[in-house]
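So in this note's numbering, spot 377 of the sequence shown is number 369, and the numbers just go up one at a time.
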Amino acid sequence: MYNLYIPVCGLFCALLLCICFFSRKRVKSKETKLFSVMLINSLIDSILMVSIILIAYLNPEQVFLIKLLNKLDYLQFLFWVWGLFLYIYYISTKNEEKGDTRYQKALQYTGGTTILGSILILISPVQIMNTGKTMYSYGQSSNILYAFCLIYILFIILAIFSNRKSFASKKYLPFYVFAAFAVVVLLLRIVNPGLVIVTAVLAYCNLVMYFTIENPDIRMLEQLNIEKERAEKANRAKTDFLSNMSHEIRTPLNAIVGFSQALMEEDLPESAKEEIEDILTSSNNLLEIVNGILDISKIEANRLEIINTEYNSHKLMSDIQSLIKGRIGEKPLEFRTYIDASMPPVLYGDYVRIKQIIVNLLTNAVKYTKEGFVEFKVDTVIQEDICRLIISVEDSGIGIKTEDIDKLFRKFERFELEKNITTEGTGLGLAITKSLVELMHGKIVVQSIYGKGSKFTVALDQRIVPKKVEELETAKENTDTFTSYGARVLVVDDNKINLKVASRLLKNYQIVPDLALSGQECLDKILEGNTYDLILMDDMMPRMTGTATLQNLKKIIGFQTPVVALTANAISGMREKYLANGFQDYLSKPINQNELKQVLQKYLEKKEGTMEEKIEENHSKKDVSYLKENGFDVDHGIELLSDLETYEMTMEDFLEESKTRIPKMQQFKDAKDANNYAILAHAMKSDAKYLGINSLAELSLAHEMAGKENRMDFIEEHYQELMDEVEKNISIMKNYLGK
Ligand code: ADP
């Protein structure tokens, strides 16, 4: 009976595995289902094997029963190998396009084969060798089983081999082991049928698979990781979308703020000025929201940098106080402030972000407090050259429920929405605040009693700079009038409206700037010998960025004009980056009047005088109705481009641009370069839209789409139509402009 031990071991092993596997929550997948069938198979197989040996030992006369049980055991074994084949075949095809139908087919064919094998096994004779010490079976029936097993093992090896990629991962190592192992075991069994090790081998294979692939915990973790990745991807996509949107919003916002600021300088009735002020306030609110979204997306992408500089600490705190006083306005709130007088005057840190943190907390305190007080307190603890700022903001407002406190710093979380229905907010402020505090290695805590009030405390370490405030170069708000009549300024921006805004703002200083729509155009102007006192350069331009243009400019011998970066690509702290890239200075869009003035004062000479309004004089002779009669939606164009002057400038640009654009389109069409053709068609569409030439815009759009979809046949067929339309409109424009 010595060969009973191996099947008994197999039985225990199979039993243990079944308990472990079925007592746990499992992932619902085909592989897992197949594996459960294989587990049950091997358990039944072990039970059968142990019973057969016991019966043969205790009751050797029961030959028929022993033979029958043996055949059943063969069937179990066949089904187990079939199961393993299906398992492996499923993995090897599941990522393929038609994997599912292929698997179904394999299931049908091998199902038929297995049934055939089972019938053959059942009807073929089997012999039993029972010496009283060892017991095993042999004969035709078992040979048939081995033949079928061999076929499946071959199939398994083929499936693994034909789909090596799916099995490249280390976790599938057990299959390779199994394939090798199975061949050896089968050979052993054929040579020495007394070795009853098959049962144990099944259990062993199941065991290995359990610990490597089919363990419910491992499966669950895999599933979790897949879900986590999916969620993170969706989250990233959303944040990217928001961030792109915000960036797009900044450009029109630039126009709104720029023109409103310019209007403020005009001689307008008081009521109009008040309305403009409202526009400015709303635009600034919108800008704050957009900046918040950009900040959060930068934080999530780990791209937000803390930029430390020396700053005037007392000025920072008093700036904050006056800003908050403005926000309190008419609200019946007592604004208490206490700033520790021993705070060192000059500190080293990111004051822009510190201001953002404190302003966020104070703005919330004001927003969520109807009456009572808001207290702003700054304490300091000095240790060697470090000053710990302990900033607290307390209010007597609505307070926060205990259960909400944990969620407070999550983005987009807002509470008490019924009560705060009229309070504006995005739920981003505190999420940003906390991230900023952490980026500065500080701490933020909150205490709140619902209905009574809240207190936010922030601790930040700042380095003390042993300097006097006077030694710091601080930007002074200046109220002097400044004009620089006749100054030569070049503005470079790929967006015509931005150029228009800059021109309008510069008009306040009696400056008529020269304009360039690309880095290349700017380079050309300098190479042609134009000289300027100052260049304002957008950074985010297609083909050649502002930074790249500047690098090219610096290669030109004798080029010394100061170049100021002008970009929406930043919120704060970008100045140092641009300075490091060789720019003289930096202006963020929307352009702030005061900052622009400072830059102009720094680089231009003061010169009084009034610029002539040449262009406007020319216009009066032209007749817009001529354009309208010819299908130009002039009103819409002016709506988009803000005034007739820009509209006409755009028209001139269109004519100029067409000189190169049309031959290029022909070239791209002939070369079947659909991509580049589409880019030019797109540009034409945008121009036509701005000019209100709807027929041309529509036709260009059709060509753009055809280019994008690589439909050269459409382009060929309709090319002449487009060109005729362009020609027609060009001559209308020329007539109108008197060219
Ligand atoms: P927002 O103010 O834009 O909604 P925040 O992230 O700044 O976003 O704040 C999240 C939420 O926390 C707010 O909507 C408000 O419900 C609550 N909250 C923040 N500060 C206070 C405060 N001082 N008092 C009461 N509730 C507050």
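Glycine included, each C-beta is placed from N, C-alpha and C at the ideal position. Source: prediction; values computed, not measured.
Using CA coordinates, which residue listed in L422, L431, E430, H433 is at the minimum distance from F448?
Here the closest residue by C-alpha is L422.
My output table needs one value for G443: the three-state DSSP class, helix, strand or coil.
Correct three-state label for G443: coil.
Beta-bridge pairing of F365 - partner residues as DSSP gives them:
Note: F365 sits in a beta bridge opposite E326.
If you measure from the CB of K359, is any heavy atom of ligand 1 nearer than 8 Å?
Yes; taking the cut-off as 8 Å, the Cβ of K359 has a heavy atom of ligand 1 nearer than that.
Can you tell me the Cα-Cα spacing of I397 and G341, whole angstroms?
For I397 and G341, the distance between alpha carbons rounds to 29 Å.
Let me check you understand the geometry: is the CB of G391 closer than 8 Å to at least one non-hydrogen atom of ligand 1?
The answer is yes for G391.
Under a three-way DSSP split, which group does V338 fall into?
V338 falls in the strand class under three-state DSSP.
Could you compute how far the alpha carbon of I607 sits from the alpha carbon of H674?
Confidence at I607 is low in this model, with a pLDDT of 39, below 50, so its placement is unreliable and the value that follows should be read with caution. Rounded to whole angstroms, the separation of the alpha carbons of H674 and I607 is 29 Å.
DSSP has I378 in a bridge; who is on the other side?
I378 pairs with Q375, R455.
Below 8 Å, is the gap between the Cβ of E89 and the nearest heavy atom of ligand 1?
Taking 8 Å as the cut-off, one finds no heavy atom of ligand 1 near enough to the beta carbon of E89.
Between Y138, G91, K125, which lies nearest to I113 when the distance is taken from Cα to Cα?
Of the candidates Y138, G91, K125, the one whose C-alpha sits nearest the C-alpha of I113 is Y138.
Can you give me the Cβ contacts of Y66 inside the same chain, cut-off strictly under 6 Å, excluding the 5 residues immediately before and after it?
In the same chain as Y66, and ignoring 5 residues on each side of it, the C-beta atoms closer than 6 Å to its own belong to I113, L137, in chain order.
C-alpha distance - G318 paired with V366, whole-angstrom precision:
Near 13 Å, if we compare the C-alpha coordinates of V366 and G318.
Spatial neighbours of T191 in its chain, beta-carbon cut-off 6 Å, leaving aside the 5 residues before and after
Apart from the 5 residues on each side of it in sequence, T191 sits with its Cβ closer than 6 Å to the Cβ of P(-1), G2, D37, S38, M41 in its chain, given in chain order.
From what residue to what residue does the alpha helix (DSSP H) around M641 run?
That run of the alpha helix (DSSP H) goes 636 to 662.
Pull up the distance between the alpha-carbon of I331 and that of L431, whole angstroms please.
Rounded to whole angstroms, I331 to L431 spans 24 Å at the Cα level.
Among the residues of its own chain, which have a CB less than 7 Å from the CB of L588, if the five just before and after it don't count?
Closer than 7 Å at the Cβ level, and outside the excluded window around L588, lie L497, L579.
Near ligand 2: T425 beta-carbon under 8 Å from a heavy atom
Because ligand 2 does not appear in the structure shown, any question about it cannot be addressed here, the ligands present being ligand 1.
Please state the DSSP three-state secondary structure of Q119.
Here Q119 sits in strand by DSSP.
For the candidate residues A557, E597, K599, L596, whose alpha-carbon lies nearest to that of I583?
For I583, the nearest C-alpha among the options comes from A557.
Can at least three beta-carbon pairs, one atom from the stretch 345 to 358 and one from the stretch 472 to 491, be found at a separation below 8 Å?
Touching, no.
Under 9 Å between C-beta atoms of L428 and R345
A Cβ-Cβ contact shorter than 9 Å links L428 with R345.
DSSP on V481, reduced to helix/strand/coil?
In this structure, V481 counts as strand in the three-state DSSP scheme.
Same chain, Cβ closer than 6 Å to H710, neighbours up to 5 away in sequence not counted
The answer is none, since no qualifying residue turns up.
Three-way DSSP call (helix, strand, coil) for N304 in this model
N304 falls in the strand class under three-state DSSP.
Is G443 a contact residue of ligand 1, with contact defined as CB to any heavy atom under 8 Å?
No, the Cβ of G443 stays beyond 8 Å of every heavy atom of ligand 1.
Less than 8 Å separating the Cβ of F448 from some heavy atom of ligand 1?
Distance from the C-beta of F448 to the nearest heavy atom of ligand 1 is below 8 Å.
With burial defined as no fewer than 16 other Cβ atoms inside 10 Å of the residue's Cβ, what is the status of P655: buried or exposed?
When all chains shown are included, P655 counts as exposed.
Would you say the stretch 671 to 689 touches the stretch 627 to 635, given that touching needs at least three Cβ pairs under 8 Å?
Contact holds: three or more Cβ-Cβ distances are below 8 Å.
Within 10 Å of its beta-carbon, does S263 have 16 or more other beta-carbons around it, so buried, or fewer, so exposed?
So S263 ends up on the exposed side.
Should F575 be counted as a contact of ligand 1 given a C-beta to heavy atom distance under 8 Å?
Relative to ligand 1, the beta carbon of F575 is positioned no closer than 8 Å to any heavy atom.
Extent of the continuous beta strand (DSSP E) run through I350
Counting along the chain, I350 falls outside any beta strand (DSSP E), though it belongs to the alpha helix (DSSP H) covering 343 to 359.
Tell me, please, whether the stretch 44 to 56 touches the stretch 201 to 211 by the rule of three or more beta-carbon pairs shorter than 8 Å.
Contact between the stretch 44 to 56 and the stretch 201 to 211 is absent, because fewer than three Cβ pairs lie under 8 Å.
Residue burial classification, Q68 (beta-carbon count within 10 angstroms, cutoff 16):
Around the beta carbon of Q68, 16 or more other beta carbons sit within 10 angstroms, so the residue counts as buried.
Give the DSSP-derived three-state secondary structure of V249 in the structure shown.
The DSSP-derived three-state label of V249 is helix.
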